[in-house]
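Following: one structure in structure tokens, then a few remarks.
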Amino acid sequence: MTNNTRRVKQRLFSQSYNIGIYQDSLHIADVYMSVKYMTDNAYCVVRKEKIKGYLLKSILKLDKESRINPERVFRSAENNVVVDMPVFNENIIISKLAVNMDNTAYFDHAQDHYPAMVLMEAGKQNCQLWIYKSEVGVFPVLIEMKSNFFHYAELNKDVEIISVKTSDVPKSTMIFDVHLRQGGVAIAEMQYSFKVID
């Protein structure tokens, strides 16, 4: 279902979506998105220097020796790990975005910035990495995710992922507030809630 539709001179400017996801007849998830749109021409004007300057390639060099083992973020393939270089401090973990741009699950066409899907996955994996290290023997099931995006995540600068585990929640639940920063600027904020299974 759509609502909050705004048009400017007959062009769609923004819209909200309420989406129910079902498997057979079982309701398994709800998604709410608030989206703004721009024309191709407007995008080219806004992103012109970035498109020209980055040549659609990341500066990131993936080091096989230091790559995180996929099982530490509850994955089976190394290609699907998108975080690296973690630093742990009690209820905080700080990592760097480290995504393989040859992975077509994340990059099925040329990009001039990191897609929101990659940033959301990085936020989630950063939390899972903290859980794997700090809560041995549990399996985290994602039950809720919220995200807000403020700026494009540029390909030519490191993206820092800061996850902070919140307190005062039931024992079987873990909630993390996640901040993504680039060059000292906040580019996104997220919150992830996990149900923990022993």
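Going by the UniProt record's numbering, the first residue of the sequence shown is number 1, and it counts up by one from there. For each residue, glycine too, the CB sits at the ideal point set by N, CA and C.
- The residue from G20, R6, C44 and A29 with its alpha-carbon nearest to that of K36 is R6.
- Residues of the same chain with a CB within less than 6 angstroms of the CB of I143, apart from the 5 flanking positions on each side, are S193 and K195 in chain order.
- Nearest to Q10 by C-alpha distance, out of L26, T39 and H27, is T39.
- Note that the stretch 148-158 does not touch the stretch 88-95; fewer than 3 beta-carbon pairs, one per stretch, sit closer than 8 angstroms.
- As the crow flies, the alpha-carbon of G184 is around 33 angstroms from that of S76.
- Around D177, the same chain offers V164, T166 and Q191 as residues with beta carbons nearer than 7 angstroms, after the five sequence neighbours per side are excluded.
- Per DSSP, N126 is not a residue of any beta strand (DSSP E); the alpha helix (DSSP H) it occupies stretches across A116 to S134.
- Listed in chain order, the non-local C-beta contacts of I197 below 7 angstroms within the same chain comprise V138, F139 and V141, local neighbours out to five positions each way being set aside.
- Residue D30 holds the alpha-carbon nearest to the alpha-carbon of I21 among Q125, M117 and D30.
- Listed in chain order, the alpha helix (DSSP H) runs fully inside the UniProt domain "A-factor biosynthesis hotdog" (73-194) are 116-134, counting runs of at least 4 residues.
- Contact check for Y43 against M33 fails: the beta carbons are separated by 7 angstroms or more.
- When C-alpha distances from V46 are compared across D112, F74 and H27, the shortest belongs to D112.
- In this structure, M120 and M101 do not form a Cβ contact; the two beta carbons are roughly 17 angstroms apart against a cut-off of 8 angstroms.
- Look at D40 here: in three-state DSSP terms it is helix.
- Distance from the CA atom of V87 to the CA atom of F13, rounded to whole angstroms, is 41 angstroms.
- Sequence-distant Cβ neighbours of R181 in its own chain, meaning closer than 6 angstroms and more than five residues away, are E160.
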